[in-house]
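Worksheet: the structure to be examined is printed underneath.
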Amino acid sequence: MWLPNLELRMGKIDNIKRTYDLAIKLSKETNNPSVLKDTRFSYAQTLLNINKADEAFEILKDLIPDLETSYSSHTAQFFNILSRNYEANGDFKNAFIYAEKEFNFVNATILQKANAINKMMLLSFLLNDYSNHEKYFAEHKKLGKDENNLYAKKLYALAEAKYYHAKEKFKNAKAKYILTTQLKMNGQMAPTLDVISYTGLARLYAKEAKTDSASFYFNKANQMLNKHKVAPAIKLIYTNALKEFGSQKNLDQDSVIKNLEQEILLKDTLHQMSLAKLTNELETKYRVDEKEKALELANKQKQLQTLEIKQQKQKNWFIIIGAGILLTLLAALTYILFQRKKQAKILHDATLNDLKNQHRIDIMNTLTDAQEQEKKRIAERLHDEVGAMLSIAKLNLNTLQENTFIANGETDSKLTVTKNLMNDISETVRNISHTLMPIALEKYGFKAAILDLLTSIKTSNHLTVEQVIEGLDNTSKWPQNFVLSTYRIIQEILNNAIKHAEASHLFVQIIELENALTIYIEDNGKGIEQDHNHGAGIKLLETNIAYLSGKLEIKGEPNHGTFALIELPIPNLVQT
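Counting in numbering that gives the first Met the number 0, the sequence shown runs without a single skipped number right up to 575 at its last residue.
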């Protein structure tokens, strides 16, 4: 089909349909089903190239029986289109079937498999079928996601949210739902996934009887529906959730539900007619396939009888074959012993390396503890000794001013300047002392120290700070090194936002999960250049996070703010 491809390269899009209509007509006249099938597949591929997936879907529905035996490079993409269109029409069962076919397709790429397994997790939640969730979740973790595609990243996070939602781990589910809505990338959009995420958050808060939070996220979803064009099935998901929650003051629910139900009813009628036609075609093909399988089975039985006759004649060779098997077993035993010896050496070397690494980590921990103890000692001496001496000096200056110098004199003016300087020195010493060893962290614990830090930022820097903190109520059993390092990481990011970003608003979210801590900090400052090399502060921050075996993601655009997302695994609890 070189002519349509030539027209595509020349930009003659309107001529492509006429050319293929003629090609299909000629193919039918040949009475050759194979030629007709290849022509229609070629047409579907061309429609994909010009971004007409809906028209390609209508052709592919008629080619479903042939897709099962097709190994084209486009087959996985064809399965994806079928799944996506069935999902858009509310047929989640067929959508799941073709997502599974895409995942199991032998020539599918890793990224296609990753998106397919994430779609399967989402669809199984919509179908209320959680029987294979653990298996799907394991594949989901193994395959990962496409880091360069916003839809793939959001779908990955949303699949985890649905997994935790189904497992009734609502705190984890809420964190993943929020992460889905907050992911951004170069102006890309994924409104369908955002609507599902906001609706999921609303359902969770409604389940917890938190009416205000549920209403907030229902309004968020409604805003996305009004702003973007999404499939009727997605609107129906939102509408059903809204029905469960009850009528809302700020939403014209009855009007939304009436319009959506009419639209879905029409779509469903057309879809059922299409499915009936497709079912008839599949039943015809199934009967033909059954006859072919019966013929094939008869041929195999005949071949089996012939083989049994040959085996009867070959009994004399059993002794030779047995001897060969014995030699093979001896060789295999020798090989196994050799491999075990080799594996034992590898295990020994690995154990030795682990011991060396553990020794290095112990040394680093010892050095870190020593540094923190020295900081604490210096901070205490600054606070206790230098602070006390400065207080005495200020008292002496006050006494000297009251008893010796004449008011309004030049000497009195200089003494006042000296007192102000002493006050500044005292404040500086106090700040240095608190930076070296945060007093709130040592006295009141991690959560109180974070809240104290945010409060001080609000009062001293004229910033508005929005905060969401979940958990952190039992951090006393966390290792001290982990608590102090995490506090300094948060402190460093906030300092960067205040000093360099020129921000007027900060959003801070800290959520304690089962075995991890997620930290999300966003400002509305001047942002960062995408290709800008990180400075020494950021590199030190990356080093500290890597030391805690954590992950760091920093994104920002000029004049559009910056956000930092950190995941830190919580180490083993300290036994008290």
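A virtual CB, placed ideally from N, CA and C, is assigned to each residue, including glycine. All values derive from a computational prediction rather than experimental measurement.
Straight-line spacing of the CA atoms in A174 and I537 works out to 25 Å. Pairing F104 with F217, the inter-Cα distance amounts to about 38 Å. One alpha carbon belongs to I233, the other to L122, and they sit about 12 Å apart.
Taking the CA atoms as reference points, N571 sits about 31 Å from N117. Leaving aside the five residues that flank A201 on each side, the residues in its chain whose CB is nearer than 6 Å to its CB run, in chain order, A213, Y216, F217. Rounded to the nearest angstrom, the Cβ distance from M120 to Y150 is 15 Å, too far for a contact under 8 Å.
The beta carbon of A113 sits closer than 8 Å to those of H139, L142, G143, K144, D145, A151, Y155, all from its chain and outside the five residues before and after it, given in chain order. Setting aside the 5 residues that flank it on each side, S475 is surrounded in the same chain by G444, each with a C-beta closer than 7 Å to its C-beta; the list follows chain order. Contact check for L471 against E511 passes: the beta carbons are separated by less than 8 Å.
Residue state for A331 is assigned as helix, using DSSP reduced to three classes. Between the C-alpha atoms of A322 and Q313 there is a straight-line separation of about 15 Å. In this chain, the alpha helix (DSSP H) harbouring K175 covers 169 to 181. Rounded to whole angstroms, the separation of the alpha carbons of E552 and N185 is 15 Å. Contact check for A160 against A172 passes: the beta carbons are separated by less than 8 Å. The beta carbon of L182 lies closer than 8 Å to those of L149, K152, K153, A156 in the same chain, with the five residues before and after it left out. As computed with DSSP, G555 is found in a beta bridge with T561. Cβ atoms of T463 and G524 stay farther apart than 8 Å, at about 13 Å. In the DSSP assignment, L192 falls outside any beta strand (DSSP E) and within the unbroken alpha helix (DSSP H) covering 190 to 206. The Cβ-Cβ distance between L493 and I468 does not fall below 8 Å. Here the alpha carbons of L516 and L325 stand approximately 58 Å from one another. Residue pairing by DSSP places P568 opposite A515 in a beta bridge. A Cβ-Cβ separation of about 7 Å places I489 in contact with I449 under the 8 Å criterion. With respect to the C-alpha of E513, the residue from N298, P568, D353 having the closest C-alpha is P568.
Cβ atoms of E101 and N79 come within 8 Å of each other, at about 5 Å.
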